[in-house]
Every structure is written in structure tokens, then in C-alpha cells.
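The opening residue of the sequence shown carries number 207 in the numbering used here; numbering runs sequentially from there. Yeah, the Cβ is synthetic: ideal placement off N, Cα and C, and Gly gets one too. Notes to accompany the following structure.
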Amino acid sequence: MPALTLRDILALDPVRGSEPELLAGEGALDRPVRWVHSSEVYEGANFLDGGELLLTNGFGLTDADEDTRRRYVRELTARGAAGLAVEVGRSLVRMPEEVVDEARRLGLPLLALHRVVPFVRITEAANRAIVARGLSGRAASMRPWGGDHTAALLADLADGQALNQPEVEARAALAGFHPGPGARLVGVSAHGARELGVVDRAARSLGGVAVLRAAFPGDVLALVAMPDDAVRGVTARRDVVRAVQEAFRTVAEAGTTVAVGHAVLAGGGWLRWSETLRAARTTLELALTVPSAEPGPTGGPVVTSSRALTLERELTRGGVDANRDRLARLVQHTLGPLLAWEAAHPSDLVRTLEIHLRHGCSPTRTAALLHIGRQSLYQRLERIESLLGLEIDDPDLLGELLAALCAHRIVRGVPATAGGGLRTVA
């Protein structure tokens, strides 16, 4: 399908509502428009890449001299602008004759907008139409999800494709996803979910928050948008991540593994959208591959978060195989005597140590999680300290011990492969 043209843009309702008058460039109305921008300064040509229609209220032209105005039109033409639309009647009483003359000489379409219509309405309508036309024109054979524009957007975000914010917002709007700038976005990646209903049920349990979701082979990927008032309603501490986790833990079926990314502001830009999706996807991969540090639920779904697997994500940055030797050295240096004892005397000392450290060295909590008595726990801890020759509640050792214990689970759980091992992108 051919790209959207300037003639098509002029037919859009918000543009027609501005009462446009074509003053120059009649022969170039069928040139394609790649994007629509607005700028209030006459140096706007500097950020154009070619094919854009530029909207301006003319403020930058009011006090400019004739040579500056002509140079402005020449610069727009040199940058390949598809056209220039100037609002007249407020900042600019009338279109300067030299601007019209230069546009006619160069063949640049020049529009006078005689009625005030917020530029955001024009850019939203135009860019949404541009994105829709572009997506429908892409060959389905090049995209395994065919005409599913939502899946295409989520895949681009999760893969960190080079995008821009107007494009992301326009593509999201096409899918009916309109997070306000104050909303918190949380990426979600689920494995074992048989349909998209798990995301919709979680959204309903959170109070009907907006979601952008799509199914991929074996997995579901989603962005959950919680508006600021919903965040306040969910928890006084505004722990959005925990609220999303609890929602999925309530509605997901047994055998499903769900990973939740961190919370980002919707108004923070598309890179933040990508960040939380990538974190969720990487966390899911780790949850499916690396043995858990703690006893998991029996008979229910597994729901975790990127912050719960922060150590795992950091230690595998760049892939397990790329870090395998380094991780193995860390494990042997820190835990060597303990691992040697456990190899010769079947026990649960390594797991006991990690659970104990992860729970603030609380004997009560550790014993409850391991389903053993406190006296048995004290005996295990004494054995561990004797083997390692250290006091495990020494705060200086906490980071090293936890990193080594986590590295041990990673190396033990992910076999070496010829294809690069675990893929990590967060």
C-alpha cells in the first residue's frame, strides 16, 4: 500500500478543521509524508530528516527579516521537508510575501492555517494514520505475527529496536493503549499461559487498568499501565510491582510462570517502556532456567519479578557462557570447602546458607522456610561456619556470599551450550 501523502493529510478532520489554504507547491501534494512535527522556532529545519510536514504558529517568523525568512524556507527544502503549515491570525497576522515567494520558487508546499486547532490533535491524527498505513503495507512474510500490530509493537520494544516516541505512542494508540504521562508501566512476560485471558483477568483484579498484550509462540508479553489514582488505591506505599505480582498470582493457572519487570513512568519515553519489557523477558528466562533459591509454591503459578532476580540478571549480563569461567571461579573461591563437604556428605547446607542470608539472617524465618527446628538450623549454621572459617553474619561478607551462592545456582542450572547459553538483555 502506498505511503500517506500530503493530499491524504489535508483530508484528515483535524487538518480540515484548521481551514488550510494552499499557497504554494500545488504540484507536490502527492509526495509521501513520513512524519508530522511541530516547532515554534524558525530553526526547526535542524531536526528534520526528510519527508516531514512541519507545523508552526509562526512566532519565530514575526520579528525575522526578509533574508532570514527566505533562508528558513530554503533550509526546509534542503532538508527534504514534505511541506510547511503556518498558523496565521495570532502570532503571525498574515503570511509574509517573501515566504510565499520562496516556497513557490522552490516548489515547497506551503499551507496557511486560518483557524486554531491544537497542533497535538493534528499530529496525533496524522501520525496515527501514517503508522497505520505503514503497518498495513508491510509484508506479513517479513513479520511472523502477520497483521498483529500489537504484537509487532511489543516485539520491537522487547527487542530494543530503534524507535521514536511519537511512533511508539501512535502505534500504541492504534491498539487502544493510552497510558497517561503519570501512569506507571510494568512489563509482564508469562510462560505456560494458554491464552491472553490471564492478562485481562489480572487487569480486572487491579481495577480495570489499561493493558497492551499479545501472544507469541509459548509466551505472552504485556505492558500494564496503572494510572496514578489506581496506584494510590492499590497500596499506600505505591508498590506497583508487588500489586501486579499479586494480581497474577491470584488469576494465573498452575504451571504458569510469570515474570514482572520494574515500574517506569509512561511519560519517561519509549526506552523506559522497552526497559521494563526487556527486564520481564529476561527474568522469565532466568526463572525457567535457574533453580530457585527458595522453596516454590506447590500446585500454583510461579510469579516473580526482575528485582527478585537482580543478582541473577547482573551475573548473567551478556550470557551465561560468556561469564561461566568467572562465575565458577567466584563459586570455588568463596564456597569451595562447603561444596566439597556437601559432595561427600549429602546435606542441604548450601541452600540453607542462601535462604538464611536472603532473609536477614533470621533464624525464625529460615527455619520456617526450610521446615526444620531452630536447633537443627543452629547445627547447620555452625557446620557452615566451621567449613568456611568465617562468621556468616559478618556484614562485610554478605555481598560476596550471596553473589557466590547465586552464581552456583546459575552454573548448576544452565548447561554450557554452543549457542551462547542463556540470553540476557536487561
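Residue pairing by DSSP places S511 opposite V466 in a beta bridge. By the 16-neighbour rule on beta-carbons within 10 angstroms, E308 is buried. Annotation for V537: the continuous alpha helix (DSSP H) segment containing it runs 526-550. A buried status is given to G467, since no fewer than 16 other beta-carbon atoms sit within 10 Å of its beta-carbon. Cβ contact annotation for L312 (same chain, cutoff 8 Å, sequence separation greater than five): V279, R280, T283, in chain order.
Looking at L254, E272, P423, A453, the one whose alpha-carbon comes closest to that of A288 is L254.
Checking the DSSP bridge columns, you'll see S395 partnered with L427, A465.
By alpha-carbon distance to L418, the top candidate from G266, L412, V430 is V430. If you look at T262, you'll find it in the beta strand (DSSP E) that goes 258-262. A straight line joining the alpha-carbon of Q581 with that of R400 spans about 45 Å. C-alpha of S244 to C-alpha of T329: approximately 8 Å in a straight line. For P569, the three-state secondary structure derived from DSSP is helix. One thing to note: L316 has its Cβ within 8 Å of the Cβ of V305. In terms of CA proximity to R321, R296 leads the group I336, M301, R296, A332. Between T462 and G506, the alpha-carbon positions lie close to 8 Å from each other. F265 and E272 have their C-alpha atoms spaced approximately 15 Å apart. Counting other Cβ atoms within 10 Å of its Cβ, V326 stays below 16 and is therefore classed as exposed.
Just measuring C-alpha positions, the residue of R276, V374, L235, A361 sitting nearest S395 is A361.
H577 sits in coil when the DSSP states are folded into three classes, being neither helix nor strand.
When G413, V415, P433, D406 are compared, the shortest CA-CA separation from A421 is found for D406. CA-to-CA, the gap between L412 and D354 works out to about 26 Å. The Cβ neighbour count for S512, taken over all protein chains shown within 10 Å, is at least 16; the residue is labelled buried. Assignment of beta-bridge partners to T211 by DSSP yields P238.
Collapsing the DSSP output to three states places A416 in a strand. When the beta-carbon positions are compared, H397 and L492 stay at least 8 Å from each other.
From the listed residues R484, A460, L544, the smallest Cα separation to A428 is found for R484.
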